[in-house]
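The letter at position 348 of the sequence shown is residue 389 when you use this note's numbering, and the numbering goes up by one with no holes.
Think of the CB as a built atom: it goes at the ideal place given N, C-alpha and C, for glycine as much as any other residue.
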Amino acid sequence: MHSVVKKASKPVNHRLHRAHRMNFPSLAGLGALAALPALAAEPTTQIAPAPAPHRGSLTVYTENDKYFAGTDQAYTNGLKISWLSPDLRSLTGEDTAAPARWFARTLGDLMPEGHGYKIGFSVGQNLYTPVDTATPLYQPDDRPYAAWLYGGVALHVINPDALGGRAARLDVFELNVGVVGPSALGEETQNGFHDIINVDHAEGWANQIHDEPGVNLIYERRYRFSTDGARDGWGADLIPHAGFSLGNVFTYANAGAELRAGWKLPADFGSNLIRPTGDSNPDDRRPPFGVFLFGAFDARAVARDITLDGNTFKDSPSIDKQPFVADLYAGIGVTTPYLQLRYAQAYRTKEFKGQEDSQVFGSISATILF
Numbered sequence: 042m043h044s045v046v047k048k049a050s051k052p053v054n055h056r057l058h059r060a061h062r063m064n065f066p067s068l069a070g071l072g073a074l075a076a077l078p079a080l081a082a083e084p085t086t087q088i089a090p091a092p093a094p095h096r097g098s099l100t101v102y103t104e105n106d107k108y109f110a111g112t113d114q115a116y117t118n119g120l121k122i123s124w125l126s127p128d129l130r131s132l133t134g135e136d137t138a139a140p141a142r143w144f145a146r147t148l149g150d151l152m153p154e155g156h157g158y159k160i161g162f163s164v165g166q167n168l169y170t171p172v173d174t175a176t177p178l179y180q181p182d183d184r185p186y187a188a189w190l191y192g193g194v195a196l197h198v199i200n201p202d203a204l205g206g207r208a209a210r211l212d213v214f215e216l217n218v219g220v221v222g223p224s225a226l227g228e229e230t231q232n233g234f235h236d237i238i239n240v241d242h243a244e245g246w247a248n249q250i251h252d253e254p255g256v257n258l259i260y261e262r263r264y265r266f267s268t269d270g271a272r273d274g275w276g277a278d279l280i281p282h283a284g285f286s287l288g289n290v291f292t293y294a295n296a297g298a299e300l301r302a303g304w305k306l307p308a309d310f311g312s313n314l315i316r317p318t319g320d321s322n323p324d325d326r327r328p329p330f331g332v333f334l335f336g337a338f339d340a341r342a343v344a345r346d347i348t349l350d351g352n353t354f355k356d357s358p359s360i361d362k363q364p365f366v367a368d369l370y371a372g373i374g375v376t377t378p379y380l381q382l383r384y385a386q387a388y389r390t391k392e393f394k395g396q397e398d399s400q401v402f403g404s405i406s407a408t409i410l411f
């Protein structure tokens, strides 16, 4: 820059002077480029790099009636793996995964406006058997053998200041698509695992309900009411929920709530058993360590349960279901910035007429936070 000024100050004729004036911007640019090495050599203030953005969470759920219950009947095993994204700006943009984008655009105006969005994907399998798994005979007075193998896509809409700022709100829309019957691989899963642990096979899978594709649309709304400082110290959350499921596999209306208390509670929407819309992950508030106890219930008015009612379009094993079913569960959770662990012991009321006992099973979930 200094050299340019000196050249411009020398006496020149008017025509040459005008030429210099016309070219001054380009010469100034060359002078600035020439000065870059000197500027680069000067000491500069170091700026700390921005923290890496969170990439969501991966959760593995396992449920079994052997976990502190010791039975092998009714809802005997569940396995689910789910991924949930971090906050997104939109559910319909081109950078959103195609299945979630299609689902969001299909719902259209049904999607409530919110302050944050997330998408989730899941795969899972549930297994159901009668009490007596040693006989190969059909047992008309007990629930039939059944398996449900599915994949799911979920859309989350989050409003952190609902009800005038008194609560956070989560709306979840989920679509599950899968199959029941032999193609759901229930026999292979159960007896394959029994081979590993050296336990007798379940002999009655020839009497399971038949193959049938399954489609379910599920919606649920949750609120989170919190005491002051629940994310920073001792506190408590009350998380009520209500929703419904429509489809040929499960049709019901449900409602329930969770109460949890402890040290530095996670900024999520509660602890859930394996069920649709059950996933949630925390926002950017991830304390170094947190621990809490929780108790919850979910009550359902059941219009259809294919694992009890049998196939939709053909005759199959079936039994008369109970119209109202509830899950009650309690447990403990531990959280860190990158890992959450939860264990719950669950009690499920009788699901069909003539069922001798209610059911108890354990639920374990491990969530990796990216």
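- The beta carbon of Leu382 is closer than 6 Å to those of Val375, Ala407 in its chain, skipping five residues each way along the sequence.
- The three-state secondary structure of Phe335, taken from DSSP, is strand.
- Beyond the five residues adjoining it in sequence on each side, Leu129 comes within less than 8 Å, by CB distance, of Thr137, Gly157, Tyr158, Lys159, Ile160 in the same chain, given in chain order.
- Setting aside the 5 residues that flank it on each side, Gly193 is surrounded in the same chain by Ser163, Glu215, Asn217, each with a C-beta closer than 6 Å to its C-beta; the list follows chain order.
- Under DSSP, Trp304 takes part in a beta bridge, and its partners are Trp275, Val332.
- Take the alpha-carbon of Gly395 and the one of Gly351: they are about 17 Å apart.
- With distances taken between CA atoms, Phe393 lies nearest to Lys362 out of Lys362, Ala283, Arg96.
- In the three-state reduction of the DSSP assignment, Glu261 falls in the strand class, which pools E and B.
- Nearest neighbour of Gly331 by Cα position, chosen from Leu300, Thr318, Pro378, turns out to be Pro378.
- When the alpha-carbon of Thr133 is set against those of Pro127, Ile259, Gly149, the nearest one is in Gly149.
- Note that the C-beta distance between Val213 and His197 is below 8 Å.
- The alpha-carbon of Leu287 is positioned some 27 Å away from that of Ala203.
- Comparing C-alpha distances from Thr292 to each of Asn313, Asp309, Pro317 shows the shortest one belongs to Pro317.
- A check of alpha carbon separations from Gly165 across Leu349, Gly219, Asp273 identifies Gly219 as the nearest.
- Annotation: Gly403 to Asp106 spans about 6 Å, alpha carbon to alpha carbon.
- Under DSSP, Thr170 forms a beta bridge with Ala115.
- Ile360 and Leu168 have their C-alpha atoms spaced approximately 16 Å apart.
- Taken in chain order, the complete beta strand (DSSP E) segments of 3 residues or longer contained in the stretch 355 to 410 are 365 to 376, 380 to 389, 400 to 410.
- Taking 8 Å as the cut-off, the beta carbon of Ala209 is found closer than this to the beta carbon of Pro201.
- With 16 or more other Cβ atoms inside 10 Å of its own Cβ, Asp278 counts as buried.
- Contact annotation: the stretch 296 to 308 touches the stretch 333 to 342, with at least three C-beta pairs closer than 8 Å.
- C-alpha of Arg184 to C-alpha of Trp246: approximately 12 Å in a straight line.
- Phe285 is not a Cβ neighbour of Tyr264, given a cutoff of 8 Å.
- For the pair Val343 and Thr390, the Cα-to-Cα distance works out to about 13 Å.
- Collapsing the DSSP output to three states places Asn313 in coil.
- Ala141 carries a helical assignment under DSSP once its states are collapsed to helix, strand and coil.
- DSSP places Ile250 outside any alpha helix (DSSP H), giving it a letter other than H or E.
- When C-alpha distances from Asn232 are compared across Leu306, Ser399, Thr117, Arg96, the shortest belongs to Thr117.
- Ranking Ser357, Leu334, Leu120, Ile122 by CA distance to the CA of Tyr179 puts Ser357 first.
- In the structure shown, the three-state DSSP call for Asp212 is strand.
- With respect to Glu244, Thr174 sits close: the two C-beta atoms are nearer than 8 Å.
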